[in-house]
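Trainee: If you scroll down you'll find the structure; I have some questions about it.
Residue numbers (this note's numbering): 78 to 148.
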């Protein structure tokens, strides 16, 4: 199962959505590149793709459970 998170949610979850020291460089750009690179692999390997953006854990679990229960 590939739990995909978009850049905005990933930045928020990792604390990169607020102010940060300039010395860290373009962290959001690096995060974007990392998500893009990993998506190529995840697309090939995952049997189920679930977008987590703006969703509660309960909604995500319900989608996975429904997929598991399907014949």
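C-beta: ideal position from N, C-alpha, C; glycine also.
1) First and last residue of the beta strand (DSSP E) that includes residue 125?
2) Among 140, 103, 81 and 108, which has the Cα closest to the Cα of residue 88?
3) Could you compute how far the alpha carbon of residue 147 sits from the alpha carbon of residue 129?
Mentor: If we stick to the structure as given:
1) Working through the chain shown from its first residue, we reach residue 125 at position 48. No beta strand (DSSP E) contains residue 125, which DSSP labels as neither H nor E.
2) As a first step, residue 88 must be located in the chain shown, where it is residue number 11. For the residues 140, 103, 81 and 108, the minimum Cα distance to residue 88 belongs to 108.
3) As a working mapping, residue 147 is identified with position 70 in the chain shown. As a working mapping, residue 129 is identified with position 52 in the chain shown. So the alpha carbons of these two residues sit roughly 20 Å apart.
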